[in-house]
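In the UniProt record's numbering, the protein residues as written are 1 to 224. Where is the CB? At the ideal position from N, CA and C, for every residue including glycine. As the structure is a computational prediction, the values presented were derived from the model and not from experiment. Take a look at the structure set out below.
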Amino acid sequence: MSRPVETAAGGAGEFVRPTGARSDRIHQAILVATAELLDEGGFPAATMDAIAARSGASKATLYKHWPSRTAVAAEAFGTMMAEALPLPDTGSTATDLTEQVVRVSAFYASARGEVFAQLLAACVEDTTGAAYFREYFLSGRRAAITELWRRGVDRGGGRRRHGDRRCDRHSVRSADLPPDDGPLSADRGARQATGGDRPARIAPRRPLLAHRPHHHLRLGHRTG
1 MSRPVETAAG GAGEFVRPTG ARSDRIHQAI LVATAELLDE GGFPAATMDA
51 IAARSGASKA TLYKHWPSRT AVAAEAFGTM MAEALPLPDT GSTATDLTEQ
101 VVRVSAFYAS ARGEVFAQLL AACVEDTTGA AYFREYFLSG RRAAITELWR
151 RGVDRGGGRR RHGDRRCDRH SVRSADLPPD DGPLSADRGA RQATGGDRPA
201 RIAPRRPLLA HRPHHHLRLG HRTG
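Now the structure itself:
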């Protein structure tokens with residue numbers, strides 16, 4: 001998978017990391033080390049020096065694989081969320097969507113929700129990191145909802161031509177931050193998954209994002 005970043009000239013380009021079996025092992029080891037640091041101390045703990053020390057790779061190697069520490073943290077966090085939230089498969093599309101919304105809400109209500117807010121704030125200033133955030137986190141969330149919708153269509157429970165619009169809608173719902181009182185209940189999750197409840201838009205714990213729900217931010221652009 002290509003890594004979209006800003007080129008030195010400021011245009012959209014491609015960051016091409018080293019490939020091959022050894023490079024892939026190094027890449028994975030760095031992601032594991034970064035995930036551990038994010039869990040232990042949040043984004044502030046995941047410095048390039050700390051990642052290099054934990055993974056055993058040099059900083060020069062890190063910069064061959066990623067353009068910035070925000071970029072490596074974004075890829076690691078996307079992997080963390082995908083591993084923590086395997087897609088439900090209950091046999092019912094509505095139940096699957098409900099379960100997914102409830103699981104995502106619980107994820108954001110955990111300590112990793114703080115990491116999400118920190119990473120999101122970093123992406124506002126770091127255009128290269130924002131590109132990775134879109135590729136490895138936001139795209140992953142949409143892909144999960146798309147897969148649930150595809151299953152529903154295959155079961156005869158939806159229309160394929162409505163898929164893109166509804167997947168976008170559910171991606172926003174399932175990516176919203178959780179209510180202040182914790183993760184969603186199954187009943188609230190069902191209403192949110194099916195459109196009977198508006199997505200919760202609350203202030204993240206970090207003051208920097210107090211009035212900017214993340215799906216309204218222009219990632220990679222400075223805000224006034």
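A check of alpha carbon separations from W66 across G140, I145, D126, F15 identifies F15 as the nearest.
Taking C-alpha positions only, A117 is separated from V153 by approximately 34 angstroms.
Look at the beta carbons and you see the segment 142–152 touching the segment 87–101: at least three pairs across the two are nearer than 8 angstroms. Just so you know, the alpha carbons of S105 and T19 end up roughly 36 angstroms apart. With respect to C123, F137 sits apart: the two C-beta atoms are not nearer than 7 angstroms. S23 and T61 have their alpha carbons spaced roughly 9 angstroms apart. Counting along the chain, the unbroken alpha helix (DSSP H) around Y108 starts and ends at 93–109. In the DSSP annotation of this structure, the continuous segment of the alpha helix (DSSP H) that includes L148 starts and ends at 139–154. Cβ-Cβ separation between T128 and A76: approximately 15 angstroms, too far for a contact (criterion under 8 angstroms).
Here D49 is exposed. Its C-beta has fewer than 16 other C-beta atoms within 10 Å. Between A82 and the set G156, R155, A144, the nearest pair of CA atoms involves A144. Taking C-beta separations shorter than 7 angstroms and ignoring five residues to either side along the sequence, the partners of S55 in its chain run A29, I30, A33, following chain order. From the listed residues A73, V102, F107, the smallest Cα separation to E36 is found for A73. For R25, the enclosing alpha helix (DSSP H) stretches over residues 21–41. T128: member of the alpha helix (DSSP H) spanning 127–133, first to last residue. Excluding the 5 residues flanking it on each side, R17 has same chain C-beta neighbours closer than 8 angstroms at R3, S23, H27, K64, H65, W66, in chain order.
Per the coordinates, the alpha-carbon of A52 lies some 16 angstroms from the alpha-carbon of D39. R69 counts as buried, since at least 16 other C-beta atoms from the protein chains shown sit within 10 angstroms of its C-beta. Each of G140, L120, R103, E114 was checked against the Cα of G41, and the nearest Cα belongs to E114.
Per the C-alpha coordinates, the member of Y108, T79, Q100, K59 positioned closest to S139 is T79. With fewer than 16 other CB atoms across the displayed protein chains lying within 10 angstroms of its CB, A94 is exposed.
According to the DSSP assignment, D49 belongs to the alpha helix (DSSP H) that extends over 48–55. In terms of CA proximity to Q100, R142 leads the group R142, A45, A57.
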